[in-house]
Amino acid sequence: MTVGSCGESENKENNGGNNMMPDMAKKMMSKMQNSSFSPQKMCENMTASIEKTAKLAGQANDEVQMLFEEWAGEVEKELLVILEDNCQTDNQNFDAAEIADKLKVSENTVLFFLSRLIKDKKVEVVKLKIK
Numbered sequence: 001m002t003v004g005s006c007g008e009s010e011n012k013e014n015n016g017g018n019n020m021m022p023d024m025a026k027k028m029m030s031k032m033q034n035s036s037f038s039p040q041k042m043c044e045n046m047t048a049s050i051e052k053t054a055k056l057a058g059q060a061n062d063e064v065q066m067l068f069e070e071w072a073g074e075v076e077k078e079l080l081v082i083l084e085d086n087c088q089t090d091n092q093n094f095d096a097a098e099i100a101d102k103l104k105v106s107e108n109t110v111l112f113f114l115s116r117l118i119k120d121k122k123v124e125v126v127k128l129k130i131k
């Protein structure tokens with residue numbers, strides 16, 4: 001065993017236990033020595049692959065964003081129904097924990113959607129109670 005450059009022990013026989021790297025290096029060297037190997041072509045292929053991946057990622061993000069907006073719209077509708085029901089009854093107190101249970105989301109999510117409804121002027125706060 002010898003001491004590696006970072007002070008770690010390294011086995012000369014198997015490159016520190018990593019046999020895969022020498023094999024990969026051998027394959028790459030044999031491809032490079034092959035007369036049909038072109039570094040320019042390799043770079044073009046890599047660039048095309050990166051562009052394709054970026055395009056697919058962009059499409060997935062648009063789809064995910066659309067699904068989130070649909071879900072957010074449904075949660076807002078359900079929250080509005082709950083708030084309207086509270087206004088119709090004598091229970092006009094806002095209980096984020098109770099509403100979170102009904103919507104099966106967290107209290108922070110309820111408060112997030114409530115703030116969106118207030119910002120969009122779908123809900124008006126007419127009374128505050130400070131505890």
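Per UniProt numbering, residue 1 is the first one in the sequence shown, and the count goes up by one each step.
Each residue gets a CB set at the ideal place from its N, CA and C atoms; glycine is no exception.
All figures in this text were calculated on a predicted structure; none of them were measured in a lab.
Secondary structure of residue 23 (DSSP, three-state): helix. In the structure shown, the three-state DSSP call for residue 68 is helix. Judged by DSSP secondary structure, residue 103 falls within the alpha helix (DSSP H) whose first and last residues are 96 to 103.
The three-state secondary structure of residue 130, taken from DSSP, is coil.
Rounded to the nearest whole angstrom, the C-alpha separation of residue 126 and residue 111 is 17 Å.
The Cβ neighbour count for residue 50, taken over all protein chains shown within 10 Å, is under 16; the residue is labelled exposed. If you compare the alpha carbons of 130, 26 and 117 with that of residue 74, the shortest gap goes to 117. A distance below 7 Å between beta-carbons, with the five flanking residues on each side excluded, links residue 92 to the following residues of its chain, in chain order: 86. By a beta-carbon distance limit of 8 Å, residue 100 does not contact residue 89. Their separation comes to about 19 Å. Between the alpha carbons of residue 38 and residue 44 lies a distance of about 10 Å. Beyond the five residues adjoining it in sequence on each side, residue 113 comes within less than 6 Å, by CB distance, of 75, 76 and 79 in the same chain, given in chain order. Around residue 106, the same chain offers 100 as residues with beta carbons nearer than 7 Å, after the five sequence neighbours per side are excluded.
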